[in-house]
Amino acid sequence: MLQAHSPLWHYFWVAPNILFLILGVLLWRRGLAKQFPAFFAFTILSSLSQLAVYVADVTPTVTPQTFWRVDWANLLVAGVLKFAVIGEIFAHLLCSYSSIARLGRFLIRAVGVVMVLAATLVAAYAPKDGLFGIVSGAHLLEQTIYLIECGLFAFIFGLAYYFRLTFGRPVFGIALGLSISACFHLAVWAVIANGGLPNQTRYLLDFVGMATYHVCVLIWYYYLLVPQKAIVSVAIPLPENNLDVWNRELERLVHP
Amino acid sequence: MTLAIVLVIAAALSLVLTLGITLSRSLQVSKEAGLAGQIQPIDVEAFRNLIDPAEDEYLRRRLPASEFRLVRRQRLLAMAAYVQVAGRNAAVLILMGQRVLHAGDAQTADAARRLVDNALLLRRNAAFALLRIYIAMAWPTSGLAATPVLHSYEQLNGSAMLLGRLQNPAAPVRIAAML
């Protein structure tokens, strides 16, 4: 069952990507594509490029070299789109608050630079695994993209937590799904790229990665398509206190 | 393999952070009813006294150097406690303001946005001020300006008062009373 080219393997590779493509169409039909253009592009292009890799894998006439070239193209497209989506999440989170928007932009750029340097360093120290350059390079590229992504998401969630900022429901869903996907895939690709594992174990890790992606697609469906429960807005119970005395004191302090 | 283990641990920590924050936020939503009660009163006058450079100068002139450093450190510790409370109050106000942000009434939503913006500024300044206070603890004789925090706090008072008035005209500015 947990073998390459088993029915479960085909399902995990194809189904999430078809679901993701359908999600893109649904976003467009519901007008959410304008609100989240980068994520919309990610749904369409990433799922199509993943399906292209699948077709390249199952078509007997495609040579291994061509397959890895298609995989590289897919990785580059998905990588660029993921960083565009992260930018979109960050813009939705901070840009309406002028007081910290500038600081936020500065910090995320700084974190981005640090993560790129860290990922480059990690890739440079990765052991040579005896595979062809095009294969191990693809593994390292996966690891690099997910490492940067993980760092950026840890920063975004940490910043939102410190400033008690609430993501909107769709933005939160997008961030949560991408973040979970990045963490699991980083672990998987770190082991694949650096662990020197036998093929059988690699297939198991492939299953972990594909299953995680499937769960993330379902998370995106839930947060983007299922409407939020209606929240009954209650007036904030304002605390009782001696307002006049406090205001007089403040006036005295502000205008001595 | 060591590199792989380090990366797996990093990924696990990142996942725990994300899920932990997600969980804490959902718990926070259920506690939001009692938010206003979490605001702690701050004696702004005492804080002003603590950050007054003239007070520091007076103490420097009156006390021997070793005693001054001791007193200065104690004053810095007290200052840090005030700033931490101010930062926590700002966090509560951010949550309260965000709840009202999407109110149907444009004036209330506008006041809420201003409140959130000012509270965010205060939280940012509180973080910077804390950093400066802790650095100053290492060099107690250096100058320290926590004035931006106080300025933000006073601005925040105004925003909270306006939001209080708009939300509940019958009982105006009670939030501000706690600040």
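In order, the protein sequence lines correspond to chains A and B.
Position 114, counted from 1, in the first sequence is what the working numbering calls 114; the numbers after and before it change by one each time, with no gaps.
Every number in the working numbering is 1000 more than the matching position in the second sequence, counting from 1.
Even glycine gets a Cβ: it sits at the ideal position worked out from N, Cα and C.
Here the structure is a predicted model, which means the values were calculated and not measured.
Partner residues on chain A for residue i, Cβ-Cβ distance less than 8 Å
{"i": "threonine 1018 of chain B", "result": "Phe153, Ala154, Phe157, Leu176, Ser179, Ile180 and Cys183"}
{"i": "isoleucine 1021 of chain B", "result": "Phe157, Gly158, Ala160 and Tyr161"}
{"i": "leucine 1130 of chain B", "result": "By Cβ distance, chain A contributes nothing, its closest Cβ being about 12 Å from leucine 1130 of chain B, past 8 Å."}
Own chain, CB closer than 6 Å to residue i, minus 5 neighbours either side, in chain order
{"i": "leucine 75 of chain A", "result": "Leu141"}
{"i": "phenylalanine 42 of chain A", "result": "Leu81 and Val85"}
{"i": "glutamate 1057 of chain B", "result": "none"}
{"i": "leucine 1062 of chain B", "result": "Reading the sequence as shown, one finds arginine at residue 1062 of chain B and not leucine. Around arginine 1062 of chain B: no qualifying Cβ."}
{"i": "valine 62 of chain A", "result": "Ala56"}
Cβ neighbour criterion (16 or more within 10 Å) applied to residue i
{"i": "proline 82 of chain A", "result": "Reading off the sequence, residue 82 of chain A comes out as lysine, not proline. It is buried - the Cβ of lysine 82 of chain A has at least 16 other Cβ atoms within 10 Å."}
{"i": "tryptophan 1139 of chain B", "result": "exposed"}
{"i": "isoleucine 89 of chain A", "result": "buried"}
{"i": "serine 98 of chain A", "result": "exposed"}
{"i": "glutamate 149 of chain A", "result": "buried"}
{"i": "asparagine 199 of chain A", "result": "exposed"}
{"i": "tyrosine 11 of chain A", "result": "exposed"}
{"i": "glycine 177 of chain A", "result": "buried"}
{"i": "methionine 210 of chain A", "result": "buried"}
{"i": "methionine 115 of chain A", "result": "buried"}
{"i": "leucine 1023 of chain B", "result": "exposed"}
{"i": "glycine 133 of chain A", "result": "exposed"}
{"i": "glycine 31 of chain A", "result": "exposed"}
{"i": "serine 1014 of chain B", "result": "buried"}
{"i": "glutamine 50 of chain A", "result": "buried"}
{"i": "histidine 139 of chain A", "result": "buried"}
Cut-off 7 Å between Cβ atoms - residues of its own chain near residue i, not counting five sequence neighbours on either side
{"i": "alanine 1065 of chain B", "result": "none"}
{"i": "phenylalanine 167 of chain A", "result": "Leu93, Ala160 and Ala175"}
{"i": "glutamine 228 of chain A", "result": "Arg169"}
{"i": "leucine 1035 of chain B", "result": "Val1092, Leu1095 and Met1096"}
{"i": "proline 60 of chain A", "result": "none"}
{"i": "aspartate 57 of chain A", "result": "Phe67"}
{"i": "isoleucine 44 of chain A", "result": "Leu21 and Gly24"}
{"i": "valine 53 of chain A", "result": "Val70, Asp71 and Asn74"}
{"i": "alanine 40 of chain A", "result": "Note that residue 40 of chain A corresponds to phenylalanine in the displayed sequence, not to alanine. Counting only Cβ-Cβ distances below 7 Å, and skipping sequence neighbours, we find Gly24, Leu27, Trp28 and Ala33."}
Same chain only: Cβ atoms within 8 Å of residue i, ignoring 5 sequence neighbours per side
{"i": "glutamine 1084 of chain B", "result": "Ala1126 and Leu1130"}
{"i": "threonine 120 of chain A", "result": "Thr144"}
{"i": "leucine 165 of chain A", "result": "Leu93, Leu94, Tyr97 and Leu159"}
{"i": "valine 208 of chain A", "result": "Phe184 and Val188"}
Contact list for residue i against chain A, beta-carbon separation under 7 Å
{"i": "arginine 1123 of chain B", "result": "Phe163"}
{"i": "aspartate 1117 of chain B", "result": "Tyr97, Ser98 and Ser99"}
{"i": "serine 1004 of chain B", "result": "Looking at the sequence shown, residue 1004 of chain B is not serine but alanine. Ordered by position in chain A, the residues that pass the 7 Å Cβ test against alanine 1004 of chain B are Ala190, Val191, Asn194 and Gly195."}
{"i": "leucine 1120 of chain B", "result": "Tyr97, Ser99, Ile100 and Phe163"}
Contact list for residue i against chain B, beta-carbon separation under 9 Å
{"i": "valine 208 of chain A", "result": "Residues of chain B passing the Cβ test: none, with the nearest at roughly 12 Å."}
Partner residues on chain B for residue i, Cβ-Cβ distance less than 7 Å
{"i": "valine 171 of chain A", "result": "Simply none; closest approach about 13 Å."}
{"i": "threonine 166 of chain A", "result": "Gln1098"}
Integer-rounded CB distance, given that residue j should sit under 8 Å from residue i
{"i": "isoleucine 86 of chain A", "j": "leucine 94 of chain A", "result": "Not quite, the Cβ-Cβ distance comes to about 12 Å (not below 8 Å), so this is no contact."}
{"i": "valine 217 of chain A", "j": "leucine 19 of chain A", "result": "5 Å"}
{"i": "alanine 1011 of chain B", "j": "cysteine 183 of chain A", "result": "5 Å"}
{"i": "alanine 1078 of chain B", "j": "leucine 1122 of chain B", "result": "With 8 Å as the limit, alanine 1078 of chain B and leucine 1122 of chain B do not qualify as a contact, their Cβ atoms being about 19 Å apart."}
{"i": "alanine 78 of chain A", "j": "serine 46 of chain A", "result": "5 Å"}
{"i": "arginine 1060 of chain B", "j": "phenylalanine 1068 of chain B", "result": "6 Å"}
{"i": "valine 122 of chain A", "j": "leucine 152 of chain A", "result": "Not confirmed; about 15 Å, so no contact."}
{"i": "serine 181 of chain A", "j": "threonine 1018 of chain B", "result": "In fact, because the Cβ distance is near 11 Å, the residues do not count as touching under 8 Å."}
{"i": "leucine 1101 of chain B", "j": "alanine 1119 of chain B", "result": "Not a contact, Cβ separation roughly 12 Å."}
{"i": "leucine 1007 of chain B", "j": "alanine 190 of chain A", "result": "3 Å"}
{"i": "phenylalanine 157 of chain A", "j": "isoleucine 1021 of chain B", "result": "5 Å"}
{"i": "leucine 103 of chain A", "j": "arginine 1124 of chain B", "result": "6 Å"}
{"i": "tyrosine 213 of chain A", "j": "glycine 173 of chain A", "result": "Their Cβ separation, rounded to whole angstroms, is 15 Å, which puts tyrosine 213 of chain A and glycine 173 of chain A out of contact at 8 Å."}
Residue i: contacting residues in chain B (beta-carbon distance under 8 Å)
{"i": "alanine 187 of chain A", "result": "Leu1007, Val1008, Ala1011 and Ala1012"}
Chain D contact for residue i (CB, 9 Å cutoff)
{"i": "alanine 1127 of chain B", "result": "Protein chains in the displayed structure are A and B, and chain D is not among them."}
Scan the segment 133-150 of chain A for residues whose Cβ lies nearer than 9 Å to a Cβ of chain B and list them as they occur along the chain. Gln143, Tyr146, Leu147 and Cys150
Interface positions of the segment 102-131 of chain A facing chain B (Cβ-Cβ less than 8 Å), listed along the chain: Leu103, Val122, Tyr125, Ala126 and Pro127
Residues, ordered as in the chain, of the segment 1041-1069 of chain B that lie near chain A by beta-carbon distance below 8 Å: Listed in chain order, the positions of the segment 1041-1069 of chain B with a beta carbon within less than 8 Å of a beta carbon of chain A are Pro1041, Val1044, Glu1045 and Arg1048.
Chain A contacts from the segment 1070-1094 of chain B (Cβ-Cβ distance under 7 Å): Ala1091 and Ile1094
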